[in-house]
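Under the working numbering, the residue at position 94 of the sequence shown is numbered 94, and the numbers go up by one with no gaps. Glycine included, C-beta positions come from ideal geometry on N, C-alpha and C. For clarity, every value in this text was computed on a predicted model and none was experimentally measured. First up is the structure itself, then whatever we jot down about it.
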Amino acid sequence: MKISKNFSLGEICKSDLGTRLGLPSNDPGEDELISLTCVVHECAQPIRDHFDRAVRINSGFRNLEINRAVGSKDTSHHRAQNGDAALDLEIMGFDNKDLALEIVKFLPSWNTLILELYNEKIKDPIKRADSGWIHLSFNRNGDNPKKILRAYKRKAGIVYEEWDLK
């Protein structure tokens, strides 16, 4: 089922991990579907239109079982609860840091943008470009403070901190 010009519900709900683990289907309910449709229309489709390039969704909706299997909190925006929904995305061959820097210039509204697990220490620009991904969330109820964070690995786990776009 298409939910926008270039995105289908299937790609927003696909879970390789869920399939591998034999978890229940990753089908959103009506309220979740509304939130997912909003994040696609307000964030993913404008990014696709702006760059005129395919946008790969690495992770979209996650039911509770899949969300826990990936080690995420029950309050993750990927759960599409309380009006929030999130997508992890990238444009293949486009540096993820550059993508994040560009998104904040033209996208009028979002809740949280996180440059996740991008590795600036990789010397090869092609490999560095494909490191990490962009997490982008949107709240259909209007609470979209445009938070900008970055996430990186430390010994104790993943650290999230405000990012000043440098």
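Note down, in chain order, each residue of its chain lying with its Cβ closer than 7 Å to the Cβ of residue i, except the 5 sequence neighbours on either side.
i     : result
Glu32 : Phe61 and Ala80
Pro46 : Leu107
Ser35 : Ala80, Gly83, Asp84, Ala85 and Arg140
His50 : Phe106
Residue i lies in the alpha helix (DSSP H); which residues open and close that run?
i      : result
Gly10  : Leu9 to Cys13
Ile126 : Pro125 to Ala129
Asn119 : Asn119 -> no alpha helix (DSSP H), and no H or E assigned at all.
Val70  : Run containing Val70: none; DSSP gives neither H nor E here.
By the three-class DSSP mapping on this structure, what secondary structure does residue i have?
i      : result
Leu21  : helix
Asp27  : coil
Leu36  : helix
Asp49  : helix
Asn141 : coil
Leu113 : strand
Ile57  : strand
Ala80  : coil
Lys153 : strand
Lys147 : strand
Using alpha carbons as the reference points, say which of the options lies closest to residue i.
i      : options                           : result
Gly93  : Asp130, His50 and Asn63           : Asp130
Leu17  : Glu42, Thr37, Ser35 and Glu65     : Glu65
Arg68  : His135, Glu42, Pro24 and Trp163   : Pro24
Glu90  : His78, Trp163, Leu115 and Lys14   : Leu115
Asp52  : Asn6, Asp95, Val40 and Pro125     : Asn6
Gln28  : Leu21, Thr37, Ile158 and Gly142   : Correcting the residue type first, residue 28 is Pro in the shown sequence and not Gln. When each option's Cα is compared against that of Pro28, the closest is Thr37.
Leu136 : Lys121, Lys123, Arg154 and Ile103 : Ile103
Gly132 : Glu120, Lys73, Gly142 and Lys105  : Glu120
Asn141 : Asp74, Asn82 and Gly157           : Asn82
Arg20  : Val70, His78, Leu99 and Asp74     : Val70
Glu11  : Arg56, Pro145 and His78           : Arg56
Does residue i pass the burial test, meaning 16 or more other C-beta atoms within 10 Å, or should it be called exposed?
i     : result
Lys97 : buried
Glu30 : exposed
Arg48 : buried
Leu87 : buried
Take residue i and list the residues in its own chain whose beta-carbon comes closer than 8 Å to its own, dropping the five residues that flank it on each side.
i      : result
Ser8   : Met1 and Lys2
Leu149 : Thr112, Leu113, Ile114, Leu115, Tyr160, Glu161, Glu162 and Trp163
Could you name the residues of the same chain whose beta carbon sits closer than 6 Å to that of residue i, not counting the 5 residues immediately before and after it, in chain order?
i     : result
Asn26 : Cys13, Ser15, Gly18, Asn63 and Ile66
Which residues mark the beginning and the end of the beta strand (DSSP E) in which residue i is found?
i      : result
Leu89  : Asp84 to Glu90
Val159 : Gly157 to Glu162
Cβ of residue i versus every heavy atom of the ligand MG: is any distance shorter than 7 Å?
i     : result
Lys97 : Because no ligand of any kind appears in the structure shown, any question about the ligand MG cannot be addressed here.
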